[in-house]
Structure formats: C-alpha cells, structure tokens
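> First the structure, which I've put down as structure tokens, then a few questions once you've had a look.
Protein chains: 2
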Amino acid sequence: MDLDQANNKADDDIDESLIVDRIYNAVIEQRIPPGAKLSEASLCSLFGVGRMRARRSLLILSNSGVVQLENNRGAHIAQPTSEEALAVFEARRAIEPNVARLAAKRIISEDREGLIKHLEQESLANKVGDRQTAIRLSGQFHIKLAEISKNMVMAPMVKELVARTSLIIGIYGAPGTRNCHDDEHQLILDALINHDEDLAASLMDKHLSHIEQQVDLSRRGRKGFNLVEALMN
Amino acid sequence: MDLDQANNKADDDIDESLIVDRIYNAVIEQRIPPGAKLSEASLCSLFGVGRMRARRSLLILSNSGVVQLENNRGAHIAQPTSEEALAVFEARRAIEPNVARLAAKRIISEDREGLIKHLEQESLANKVGDRQTAIRLSGQFHIKLAEISKNMVMAPMVKELVARTSLIIGIYGAPGTRNCHDDEHQLILDALINHDEDLAASLMDKHLSHIEQQVDLSRRGRKGFNLVEALMN
DNA sequence: TTAACAAAACTTGTCAACAAAAATTTCCAC
DNA sequence: GTGGAAATTTTTGTTGACAAGTTTTGTTAA
Chain A
1 MDLDQANNKA DDDIDESLIV DRIYNAVIEQ RIPPGAKLSE ASLCSLFGVG
51 RMRARRSLLI LSNSGVVQLE NNRGAHIAQP TSEEALAVFE ARRAIEPNVA
101 RLAAKRIISE DREGLIKHLE QESLANKVGD RQTAIRLSGQ FHIKLAEISK
151 NMVMAPMVKE LVARTSLIIG IYGAPGTRNC HDDEHQLILD ALINHDEDLA
201 ASLMDKHLSH IEQQVDLSRR GRKGFNLVEA LMN
Chain Y
1 MDLDQANNKA DDDIDESLIV DRIYNAVIEQ RIPPGAKLSE ASLCSLFGVG
51 RMRARRSLLI LSNSGVVQLE NNRGAHIAQP TSEEALAVFE ARRAIEPNVA
101 RLAAKRIISE DREGLIKHLE QESLANKVGD RQTAIRLSGQ FHIKLAEISK
151 NMVMAPMVKE LVARTSLIIG IYGAPGTRNC HDDEHQLILD ALINHDEDLA
201 ASLMDKHLSH IEQQVDLSRR GRKGFNLVEA LMN
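Laid out in structure tokens, this is it:
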C-alpha cells in the first residue's frame with residue numbers, strides 16, 4: 001500500500017478526460033471562439049453523458065483558465081483580458097525557453113522522428129493553405145516539446161498556456177496572420193537535434209516574442225460558430 | 001454583453017475556495033501528511049457543506065496535483081513519487097527565478113513593507129523554534145513573491161508548486177532541517193528592493209537548489225495525524 | 001416605435017435517495 | 001490462534017426531482 005502511487009496516467013475516467021480533451025483541442029484549433037456558451041445540456045447530448053460528467057468537465061476546464069464559470073450563468077469559453085493576455089505571454093516566455101532547454105537535453109531518436117514528421121505536416125498545411133490544420137499543428141508543436149522535456153509537471157502548464165494563447169489570438173490576433181512560423185519551429189528542432197540547450201532556449205524566446213508581436217491588445221472581434229460542428233471532429 | 005469579461009476575481013463561490021484554501025494551507029504547513037485520506041463525509045461535517053461542495057473541492061485540489069483521486073476509493077493527499085519530485089523542483093527552477101525577476105521589476109513600497117514584516121516574522125519563528133510557523137511562512141514567502149510579480153498566471157502555478165514541495169519534503173525531507181533559510185530570503189528581498197533583476201533571479205535559483213539538496217529521494221516516512229485539528233486553524 | 005414590466009421558458013444549483021464498490025467485521029473450519 | 005470466506009458496514013458514484021436563478025418572449029402604455 002506504499003508503492004502504488006506511481007503510474008497514475010489517465011487513472012481517472014475515460015469519459016471525463018475525453019470531453020476535456022475535445023474542448024481543449026477545439027479551443028487550440030480555434031473552432032470554439034472565446035465567449036461561446038457551453039451549456040450543460042449541450043455537452044450532455046453531444047457526448048452522451050449525464051449532467052454530472054458535464055459539470056465535472058467544465059470545472060476541470062475552468063481550473064485551467066480555458067473556461068469561465070459564473071454563478072447561475074453557466075460556462076463560457078474564457079475571454080482573456082488584455083492584462084491576462086500579457087500575463088500568459090510573460091508566463092510562456094518564462095517557462096518555455098526552459099522547456100526547450102530540457103527538451104534539447106533529453107530528446108531521443110524517437111522524439112526526433114516524431115518532430116520531423118510533425119514539421120513536415122506543418123509545412124504542408126502552410127503550403128496548402130489549410131489554416132485550421134496549421135493552427136492546430138502549430139500549437140501542438142509546443143506541447144510536443146513539453147512532452148519531450150519529460151517533465152510531467154511543466155507539460156500540462158504548457159498545454160494550458162497554448163490553449164489560452166489560442167483564445168488570445170482569437171480575440172486580439174489579426175485574422176490573416178499565421179500564429180507560428182514553421183521555419184522558426186524548424187530552427188528550434190535543429191537546435192534540439194544538436195542538443196544545443198542555449199540555442200534552443202534563445203530561439204524559443206525569440207519565437208514567442210514573434211507570436212506576441214502578432215497580437216494587438218487593443219483590437220476586439222467576434223464571430224458566429226456552430227457548437228456541434230466544432231466539437232465533433 | 002461584450003464587456004463583462006473583466007474583473008473575475010473570486011467570482012466563484014466563497015465556500016468552495018475556502019475549503020480548497022484551508023486544505024492547501026494545511027498541506028503547505030505540513031499539518032496533513034501525504035497519503036492522508038480525505039473522505040467526503042469528513043469534509044462535509046468539518047466545513048458544514050453538502051457532499052456536492054466537498055466533491056467539487058476535491059476535484060479542484062486534484063487538478064493542482066495536491067490531491068489524488070482514485071475511482072471508488074476516494075481522495076487522498078498526494079504522495080509524489082521521486083520522479084514527480086524531480087519534476088516539481090525542475091519546474092520551480094524554471095519558473096521562480098523569472099518570477100523573482102518580475103518581482104524585482106515591479107515591487108512597490110507597499111509590497112516591500114509587507115515582505116519586510118514577513119521576514120521579521122519568519123526569522124522570529126526560526127529563532128523561537130516554532131517549526132510549524134516557520135514552515136508556513138517559508139512557503140508563503142515564495143507565494144508572496146509571485147503575487148508581487150503581478151502575474152496572475154504564474155502566481156497560481158507557484159502556489160501549486162510550493163504545496164507540492166511541502167508534500168515532497170514531508171516524504172523525503174530530513175525531519176530536523178528547515179525548508180528554507182530565512183537569510184536567503186533576506187538576500188532575495190535586498191535584491192528586490194534594489195530592483196536588481198539578475199541578482200534576484202540568480203539568488204532564487206541558488207535558494208531553490210538548496211531546498212532541493214535538503215531532500216533525499218530514497219527516503220520514506222509517514223506519521224499519524226488528526227484531520228480535524230489539521231484543518232481547523 | 002420603444003421602454004418598461006410581467007410571464008413563460010429554460011438553465012443551473014442543490015438535495016435526497018438509490019446503486020455499486022470497497023473496507024471492515026464476523027464467523028467458521030482448520 | 002490463523003486463514004479465509006461470507007456478511008455487514010461504510011464510502012463513493014449516479015440518477016432524478018425540485019428549487020432558485022436567468023434569459024427570452026410577450027404585452028401594454030407612453
């Protein structure tokens with residue numbers, strides 16, 4: 001009874017984390033806009049679960065700042081303020097260069113192959129003009145890096161920050177611009193392969209500052225969407 | 001209906017976050033040991049809330065890694081593995097030096113006075129030998145720094161990491177040693193007052209490595225405790 | 001037409017009862 | 001006694017009903 005506190009990956013219910021993951025991904029891919037209502041009923045029918053599960057999922061999402069819960073008013077996709085947006089970028093620049101450092105230290109051939117494939121997809125999506133895919137892969141690159149860093153404490157933090165960044169870009173980003181330049185991702189990958197920790201860190205820092213430069217915190221914008229279509233990928 | 005996404009501080013229920021905070025603090029002060037059972041019934045009677053509130057609180061705590069939920073087996077205070085412990089320290093060394101940097105940049109006189117008072121209490125507790133208080137203040141120093149950094153994204157992260165560190169020290173720490181040297185805290189405060197960002201960051205890094213050196217990840221230990229006494233401060 | 005108010009429809013919050021699983025105790029054979 | 005199985009108690013998971021709140025709709029008067 002003393003040793004079983006290890007291997008706790010996905011110990012909790014499948015259903016729960018599936019709902020959370022779906023919404024997380026939909027946010028990262030910008031298929032759900034900031035401010036969108038997430039009613040309990042819609043989650044229940046969409047995922048075929050009871051209200052309890054829906055509520056639990058929403059609570060989990062609200063803990064990571066992706067969903068905003070209000071008393072008697074239900075759940076909405078968060079709408080980061082400009083102050084919050086600054087804080088998110090600040091946090092990313094504090095954390096992710098160090099994540100890149102660790103990734104450069106710990107990357108193994110398997111990781112490398114995965115990243116190479118990932119970048120191929122990413123550059124393809126950009127070439128073809130598949131904006132949706134490009135956005136998703138672009139965010140996932142950062143998440144993959146966090147996984148390669150093999151730090152199970154920071155990885156969820158990065159995931160959360162990436163999702164919140166998607167919301168920020170959705171609100172304050174210029175509609176046309178790409179979120180991440182895949183060539184910068186390529187440079188980071190090169191540094192990782194060479195185990196050049198300092199370079200990886202500084203490239204990541206520069207990269208993040210470029211992302212930050214693409215948002216205009218005085219802008220506002222909103223658009224319609226379809227919840228069913230957005231979640232049922 | 002577009003502007004009301006600002007001022008969301010403590011919008012959620014009072015009850016809920018009170019329970020969470022109480023348990024959080026009890027963990028930081030090491031009044032609840034790792035592995036302790038947190039049954040729904042005990043929380044219900046202790047805080048005079050219904051089961052729903054208790055369950056919600058436990059879910060929130062489990063999202064921050066302080067509580068471990070297991071199917072049909074309820075909630076226990078987390079027992080970080082040695083791998084997890086390494087990851088937590090790694091995360092702290094990635095994040096907190098940058099937090100210290102920001103704090104050095106943004107500290108105002110009000111913050112300074114608060115920290116000075118805090119350090120007086122801390123050094124007093126150490127002099128008098130009030131271990132419990134010393135532990136609490138020591139952890140809270142780091143949390144206060146995060147608040148002074150005025151980054152509302154990183155502050156909760158630091159709080160979570162401090163709590164998890166308390167659990168780690170509870171499991172792997174030598175019983176006699178202090179968690180934090182208050183003289184190191186004093187040095188950091190000096191750097192903050194001088195707005196010396198680089199110094200604050202490097203002192204914080206050194207400080208964290210000292211904390212890390214105080215744990216022996218091959219050690220194990222447990223002790224009895226009283227839940228009522230632990231939570232009813 | 002519009003503003004204010006009232007009513008209806010809907011959504012969320014809470015509770016109590018029940019089902020299912022785990023932990024504990026009891027009991028019996030050895 | 002000891003080990004192990006069965007029964008009991010306790011704890012957790014889930015559901016449904018109802019209460020409380022919010023949003024929408026509809027109506028009336030200025």
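So the sequence lines, in the order shown, correspond to chains A and Y.
Mapping of the first sequence onto our numbering: position 53 corresponds to residue 53, and the numbering continues sequentially without gaps.
Mapping of the second sequence onto our numbering: position 92 corresponds to residue 92, and the numbering continues sequentially without gaps.
For each residue, glycine too, the CB sits at the ideal point set by N, CA and C.
It should be emphasised that the depicted structure is a prediction, and the values quoted were computed from it without experimental measurement.
List the residues of chain Y that A:L59 touches, going by C-beta distances under 9 Å, in chain order.
R56, L59, I60 and N63
> Considering only residues of the same chain and omitting the five flanking positions on each side of Y:I19, which have a CB-CB separation below 6 Å?
F47 and S57
> Starting from Y:E70, trace the beta strand (DSSP E) in both directions and tell me its first and last residue.
V67 to E70
> Buried or exposed: where does A:I107 fall if 16 or more other Cβ atoms within 10 Å of its Cβ makes it buried?
buried
> Could you check how far apart the C-beta atoms of Y:A200 and Y:A103 are, in whole angstroms? I think they sit under 8 Å.
Contact flag correct, Cβ pair sits at about 7 Å.
> Between the stretch 64-72 of chain A and the stretch 150-169 of chain A, do three or more beta carbon pairs fall short of 8 Å?
yes
> Determine which residues share a DSSP beta bridge with Y:H76 and list them.
Y:K37 and Y:Q68
> Return the residues of the stretch 142-158 of chain A that lie within a Cβ-Cβ distance of less than 7 Å from chain Y, sorted by chain order.
Of all residues in the stretch 142-158 of chain A, N151, M152, V153, M154 and M157 have a Cβ within less than 7 Å of some Cβ in chain Y.
> Checking the sheet assignment: what are the DSSP bridge partners for A:V236?
Residue numbering for chain A in the displayed model covers 1 to 233; residue 236 of chain A lies beyond these limits and cannot be assessed.
> Buried or exposed: where does Y:S149 fall if 16 or more other Cβ atoms within 10 Å of its Cβ makes it buried?
buried
> If we count Cβ pairs, one from each stretch, closer than 8 Å, do we get three or more for the stretch 81-94 of chain Y versus the stretch 122-137 of chain Y?
Taking 8 Å as the limit for Cβ pairs, the verdict is that the stretch 122-137 of chain Y does not touch the stretch 81-94 of chain Y.
> Of the residues A:V99, A:N98, A:G173 and A:A36, which one's Cα is nearest the Cα of A:Q68?
A:A36
> Which residue comes first and which comes last in the alpha helix (DSSP H) that contains Y:E83?
S82 to R106
> Give me the Cβ distance between A:I95 and A:M154, rounded to the nearest whole Å; I'm assuming they're in contact under 8 Å.
6 Å
> Exposed or buried, what is Y:D111 when buried is set at 16 or more other beta-carbons lying within 10 Å of its beta-carbon?
buried
> What does the alpha-carbon distance come out to for the pair A:E113 and Y:A87?
25 Å
> Where does Y:H76 land, buried or exposed, given buried means 16+ other C-beta within 10 angstroms?
So Y:H76 ends up on the buried side.
> For Y:L124 and Y:S17, what's the separation of their Cα atoms in angstroms?
30 Å
> Quick one: grab the DSSP three-state call for A:I32.
coil
> Please compile the residues from chain A whose C-beta is within a distance smaller than 8 Å of the C-beta of Y:E84.
Within 8 Å Cβ-Cβ: M152 and V153.
> Under a CB-based cut-off of 8 Å, is A:S90 close to chain Y?
Position check: residue 90 of chain A holds Glu in this sequence, whereas Ser was assumed. Chain Y contact via Cβ: present.
> Are the Cβ atoms of Y:L119 and Y:Y172 separated by less than 8 Å?
No, Cβ-Cβ distance for Y:L119 and Y:Y172 is not below 8 Å.
> Nearest-angstrom Cα distance between A:D182 and Y:P34?
44 Å
> Is Y:I255 near Y:V99, with beta carbons less than 8 Å apart?
Residue 255 of chain Y is absent from the model: chain Y starts at 1 and stops at 233.
> Enumerate in chain order the residues of its own chain whose CB-to-CB distance from A:H207 is below 6 Å, with the five nearest sequence positions on each side excluded.
E184
> Thinking C-beta only, is Y:M152 closer than 8 Å to A:E122?
no
> Could you tell me whether any Cβ in chain A is nearer than 8 Å to the Cβ of Y:I95?
yes
> Scan the stretch 121-140 of chain A for residues whose Cβ lies nearer than 9 Å to a Cβ of chain Y and list them as they occur along the chain.
For the stretch 121-140 of chain A, the set of positions with a beta-carbon nearer than 9 Å to some beta-carbon of chain Y is empty.
> Just checking: is the beta-carbon of A:A87 within a distance shorter than 8 Å of some beta-carbon in chain Y?
Under the 8 Å criterion on CB atoms, A:A87 is classed as interfacial with respect to chain Y.
> Tell me which residues share the same chain as A:Q186 and place their Cβ nearer than 7 Å to its Cβ, disregarding the 5 neighbours each side in the sequence.
L119.
> Helix, strand or coil for Y:K234 per DSSP?
Nothing about residue 234 of chain Y can be read from this structure; chain Y reaches only from 1 to 233.
> State the start and end residues of the unbroken alpha helix (DSSP H) segment that holds A:N63.
R51 to N63
> If you count every other CB in all the chains shown that lies within 10 Å of the CB of Y:A146, and 16 or more means buried, which is it?
It counts as buried.
> Given a threshold of 16 other Cβ atoms within 10 Å of its Cβ, counted over all protein chains shown, does Y:N194 qualify as buried or as exposed?
By the 10 Å Cβ count, Y:N194 comes out exposed.
> In whole angstroms, what separates the C-alpha of A:A191 from that of A:N126?
22 Å
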